[in-house]
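Engineer: Mapped onto UniProt numbering, the consecutive letters of the sequence shown carry residue numbers 1 to 329. Just so it is clear, CB atoms sit at the ideal spot from N, CA and C, and this is done for glycine as well.
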Amino acid sequence: MKVGLGIRRISSSLTWTANSRNVPVDRSELRWMLEKLSINVASTYFDKSEAEQETELNKLVNSLNMRQKHRLESWIHARLASHRPLQYILGTQPFAGLDLFVRKPTLIPRWETEEWTLRCVKVIEKNEVSRSSPINILDLCSGSGCIGLAIAHHIPHTNVLGVDNSVHAIKLASVNARRANLHSRVKFMQLDFLRISDTDAAAQITTRFTHVFDNCSSIFPPFDYVVSNPPYISFQEYGTLDPSVREWEDRAALVGPGEDGAGFYPVIAQIARILLASKKDTEGRVFLEIGGKEQVELVTNALSDSGFSTTPADIWVDLAKNIRVVVGR
Ligand SMILES: C[S@@+](CC[C@H](N)C(=O)[O-])C[C@H]1O[C@@H](n2cnc3c(N)ncnc32)[C@H](O)[C@@H]1O
1 MKVGLGIRRI SSSLTWTANS RNVPVDRSEL RWMLEKLSIN VASTYFDKSE
51 AEQETELNKL VNSLNMRQKH RLESWIHARL ASHRPLQYIL GTQPFAGLDL
101 FVRKPTLIPR WETEEWTLRC VKVIEKNEVS RSSPINILDL CSGSGCIGLA
151 IAHHIPHTNV LGVDNSVHAI KLASVNARRA NLHSRVKFMQ LDFLRISDTD
201 AAAQITTRFT HVFDNCSSIF PPFDYVVSNP PYISFQEYGT LDPSVREWED
251 RAALVGPGED GAGFYPVIAQ IARILLASKK DTEGRVFLEI GGKEQVELVT
301 NALSDSGFST TPADIWVDLA KNIRVVVGR
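(1) Tell me the rounded alpha-carbon separation between Arg324 and Leu34.
(2) Residue range of the beta strand (DSSP E) that Arg324 falls in?
(3) In three-state DSSP terms, what is Leu37?
(4) Give me, in chain order, the residues of the same chain whose beta-carbon lies closer than 8 Å to that of Ala177; leave out the 5 immediate sequence neighbours on both sides.
(5) Is the segment 247 to 261 close to the segment 117 to 129, with three or more CB pairs under 8 Å?
(6) Report the rounded CA-to-CA distance for residue 331 versus Trp75, giving the unit in angstroms.
(7) Please report the straight-line C-alpha distance between Ser244 and Trp111, rounded to a whole angstrom.
(8) Pick from Leu140, Leu30, Leu118, Phe308: whose alpha carbon is nearest that of Asp192?
(9) Compute the Euclidean distance between the alpha carbons of Val317 and Asn229, then round it to the nearest angstrom.
(10) State the start and end residues of the unbroken alpha helix (DSSP H) segment that holds Leu303.
(11) Starting from the C-beta of Ile39, find all residues in its chain whose C-beta is less than 8 Å away, skip the five residues before and the five after it, and write them out in chain order.
(12) Would you say the beta carbon of residue 330 is closer than 7 Å to some non-hydrogen atom of ligand 1?
(13) By the DSSP assignment, the alpha helix (DSSP H) with Glu289 in it spans what residues?
(14) Val255 and Tyr238 - do their beta-carbons sit closer together than 8 Å?
(15) Can you check DSSP and say which residues form a bridge with residue 342?
(16) Let me check you understand the geometry: is the CB of Pro222 closer than 7 Å to at least one non-hydrogen atom of ligand 1?
(17) Three-state secondary structure (DSSP) at Phe95?
(18) Measure how close the beta-carbons of Leu118 and Ala96 come, nearest whole angstrom, since I'm counting them as under 8 Å.
(19) Pull up the CB-CB distance for Val267 and Ile170, whole angstroms please, since I reckon it's below 8 Å.
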């Protein structure tokens with residue numbers, strides 16, 4: 001496709017956006033691109049009406065120098081031509097105070113995950129208010145490293161081990177740890193923890209994790225907390241996802257085992273039972289992102305089979321009012 005989308009065309013793409021949800025470059029994405037070009041969007045922007053926001057963005061677009069205009073054009077072109085997620089085009093994604101690198105095919109951290117991660121930080125801080133010794137956290141299915149890195153960023157005396165079976169994810173997460181200057185406290189290990197059979201799971205998990213700790217001597221079990229955002233979408237639901245997700249992000253990061261996509265939860269609950277330190281009276285120990293209300297029962301059952309309890313207060317709802325997290329204590 002020919003590159004050369006004019007700035008006037010950008011303005012009209014803004015106008016389309018107001019009326020159509022199908023146009024991928026909308027106001028928030030344009031604002032984000034401008035910020036990436038080091039153009040400051042006024043803090044009063046969010047107080048303005050949609051029309052005023054558009055006028056302001058158009059003014060900023062018109063003030064760009066030639067180099068900036070070319071970059072903006074190429075980003076918009078990439079976005080419109082190939083469904084490529086903006087985060088993969090710009091290469092970064094803000095997350096809980098960090099600016100993380102993102103790279104195909106590793107999952108782009110979502111706002112829902114950011115929201116509950118920050119809530120989880122508050123719970124851990126509250127639970128550990130009088131503690132000065134290190135807090136050890138296990139992040140299963142760590143992807144870009146977003147959850148573990150955010151916790152380590154906000155709570156100084158935490159050590160985090162992230163585990164993922166994707167070599168791409170492990171490499172990216174390790175780069176992110178260094179970028180955030182958290183690499184001395186946050187480590188990532190490649191491990192497929194689904195390859196653990198039902199029989200003698202405890203022994204197998206311990207053996208596999210012993211291998212991890214041989215290579216990662218600064219972070220030892222027992223852990224104080226387990227956090228996880230595992231793949232939880234069913235194969236059927238996967239077919240309905242937006243092309244910008246299906247064509248760019250790793251299917252293995254999205255689709256969970258089993259007809260309902262919930263096959264990771266019993267395994268994670270077992271691992272948590274084996275690797276968590278025994279400690280009572282805390283608000284939460286295991287934090288699991290889930291796909292929605294239809295998975296609540298499955299996940300609470302998986303947790304309870306491994307000895308965790310869940311109260312109504314342990315079912316967290318996100319800003320879009322969807323059930324997003326089940327906490328086990
Ligand atoms: C939904 S993504 C979550 C990534 C990141 N924690 C986040 O919230 O953005 C799930 C992650 O699980 C990893 N994964 C899939 N199957 C796995 C397995 N069998 N063992 C370990 N990790 C696995 C994928 O590579 C992917 O990075």
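Structural biologist: Considering the structure as presented:
(1) For the purposes of this step, residue 324 is taken as residue 324 along the sequence shown, with counting starting at 1. For the purposes of this step, residue 34 is taken as residue 34 along the sequence shown, with counting starting at 1. Distance between Arg324 and Leu34, taken at the CA atoms: about 31 Å.
(2) As a position in the sequence shown, residue 324 is number 324, starting the count at 1. 323 to 328 is the extent of the beta strand (DSSP E) around Arg324.
(3) For the purposes of this step, residue 37 is taken as residue 37 along the sequence shown, with counting starting at 1. Coil at Leu37, not helix or strand.
(4) Taking the first residue of the sequence shown as position 1, residue 177 is located at position 177. Gly145, Leu149, His183, Val186, Lys187, Phe188, listed in sequence order.
(5) No: the two stretches stay apart, fewer than three of their Cβ pairs being nearer than 8 Å.
(6) The first residue shown for the chain is 1 and the last is 329, placing residue 331 beyond what the model contains.
(7) Working through the sequence shown from its first residue, we reach residue 244 at position 244. Working through the sequence shown from its first residue, we reach residue 111 at position 111. Going by C-alpha positions, Ser244 is about 16 Å away from Trp111.
(8) Residue mapping note: residue 192 aligns to position 192 of the sequence shown, counting from 1. Among Leu140, Leu30, Leu118, Phe308, the Cα nearest to that of Asp192 is on Leu140.
(9) Residue 317 sits at position 317 when you count from the first residue of the sequence shown. Residue 229 sits at position 229 when you count from the first residue of the sequence shown. The straight-line gap from Cα to Cα measures roughly 15 Å.
(10) In the sequence shown, residue 303 corresponds to position 303, counting from 1. For Leu303, the uninterrupted alpha helix (DSSP H) run begins and ends at 296 to 305, by DSSP.
(11) Position 39 of the sequence shown holds residue 39. A distance below 8 Å between beta-carbons, with the five flanking residues on each side excluded, links Ile39 to the following residues of its chain, in chain order: Leu60, Ser63, Leu64, Gln68.
(12) Outside the shown range of the chain (1 to 329) lies residue 330, about which nothing can therefore be said.
(13) Locating residue 289 in the sequence shown gives position 289, counting from the first residue. Glu289 -> not in any alpha helix (DSSP H); beta strand (DSSP E) instead, spanning 286 to 289.
(14) As a working mapping, residue 238 is identified with position 238 in the sequence shown. As a working mapping, residue 255 is identified with position 255 in the sequence shown. Between Tyr238 and Val255, the C-beta gap is smaller than 8 Å, which places the two residues in contact.
(15) Since the first residue shown for the chain is 1 and the last is 329, residue 342 is missing from the structure and cannot be characterised.
(16) Taking the sequence shown and counting its residues from 1, the one referred to as residue 222 is at position 222. Incorrect: Pro222 has no Cβ contact closer than 7 Å to ligand 1.
(17) For the purposes of this step, residue 95 is taken as the residue at position 95 of the sequence shown. If DSSP states are grouped into helix, strand and coil, Phe95 belongs with the strands.
(18) Reading the sequence shown from its first residue, position 118 is the one you call residue 118. Reading the sequence shown from its first residue, position 96 is the one you call residue 96. About 6 Å separates the two Cβ atoms, so the contact holds.
(19) Taking the sequence shown and counting its residues from 1, the one referred to as residue 267 is at position 267. Taking the sequence shown and counting its residues from 1, the one referred to as residue 170 is at position 170. About 19 Å separates the two Cβ atoms, so there is no contact after all.
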